[in-house]
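Report on the following structure.
Numbering (the UniProt record's numbering), first residue to last: 1 to 324.
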């Protein structure tokens, strides 16, 4: 059997009650011939009807369903990568809806730009309820908050501007050992480090792989109404901060440490703690929002240093938990 041009891979944890069905419906409408692509879906330890839903759609799509009982998105994605046969591997999420031309556009973009190894597509918001009049839309970066990429044109781009719900990598660059770090990425419950997609793309970039943005290859990323609140976005800042020492170890301050944390980080944390405490009782404003956001970010950043850089010797000391 001839290998497909594209492998689309994603994982789902209890997706049956959310947007998984809409995602699969959008796969059914792709105008790319079924014989030229495959869909690899990972049921990541779901306890709802996810398995049954995937099996039902596997009868209509060129789809392989994998069970991965160990919780964690990155490990589930690595299980999918072990099965991928396409020349292009497309990473996405179970809460996107893809435009009908999505795969066709990605294939054409990769063919037209052979010197590039990683491609990012457009990601537009799919609001559960459009937050009319909510000032958060003017205050927050949509990319790091909701993985939205809707402003940049097509062309070469910085690897940090390629987001997980719409990331394509030439499979030859992944080989048998370039995989997601399983100590980064979503886990059910508790604090986890964001940025598993940024980490693998940045790692490839450091080896000389060039990144390109295909703005016309579009998916729509679901944003539930419960996420469009100051409290939710501020707590997300804690997850972002937690992952920074793992992704950008070179940026962690060197020098004296107190209780495992660099002195400079303690000073910055104290500064934002005072600002947040002072502004907390005042009316809503952008300044107040960002002070509280930075308080949570620094709290996550300190926890991330303890988790990923406990010895203070930089990235050489970080555990590279990469599945083979």
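Glycine is no exception: its CB is placed at the ideal position from the N, C-alpha and C atoms.
Here the structure is a predicted model, which means the values were calculated and not measured.
Per DSSP, what kind of secondary structure is residue i in: helix, strand or coil?
i: residue 172; result: helix
i: residue 344; result: The displayed coordinates of the chain run from 1 to 324. Any statement about residue 344 would go beyond what the structure contains.
i: residue 194; result: coil
i: residue 100; result: coil
i: residue 159; result: helix
i: residue 145; result: helix
i: residue 284; result: coil
i: residue 317; result: Bear in mind that the predicted position of residue 317 carries a pLDDT of just 36, short of 50, making it too unreliable to give a figure here.
i: residue 38; result: strand
i: residue 240; result: helix
i: residue 228; result: coil
i: residue 13; result: coil
State the CB to CB distance for the pair residue i and residue j, rounded to an integer number of angstroms; the pair is presumed to be in contact (CB under 8 Å).
i: residue 27; j: residue 98; result: 7 Å
i: residue 118; j: residue 160; result: Not a contact, Cβ separation roughly 12 Å.
i: residue 180; j: residue 239; result: With a Cβ gap of about 16 Å, residue 180 and residue 239 do not count as contacting.
i: residue 5; j: residue 86; result: 6 Å
i: residue 95; j: residue 23; result: 7 Å
Taking the alpha-carbon positions, what's the residue i to residue j distance?
i: residue 219; j: residue 256; result: 46 Å
i: residue 138; j: residue 131; result: 11 Å
i: residue 48; j: residue 71; result: 14 Å
i: residue 40; j: residue 299; result: 37 Å
i: residue 245; j: residue 269; result: 15 Å
i: residue 163; j: residue 31; result: 23 Å
Looking only at C-alpha atoms, which of the options sits nearest to residue i?
i: residue 237; options: 275, 249, 292 and 224; result: 292
i: residue 304; options: 265, 151 and 52; result: 265
i: residue 302; options: 230, 55, 253 and 64; result: 253
i: residue 113; options: 157, 184 and 74; result: 157
i: residue 110; options: 82, 188 and 214; result: 214
i: residue 14; options: 188, 241, 163 and 183; result: 188
Exposed or buried, residue i, counting other C-beta atoms within 10 Å across all chains shown (16 or more means buried)?
i: residue 197; result: buried
i: residue 60; result: exposed
i: residue 17; result: exposed
i: residue 290; result: buried
i: residue 19; result: buried
i: residue 319; result: Because residue 319 carries a pLDDT of 32, less than 50, the predicted location of this residue cannot be relied on, and no value is offered for it.
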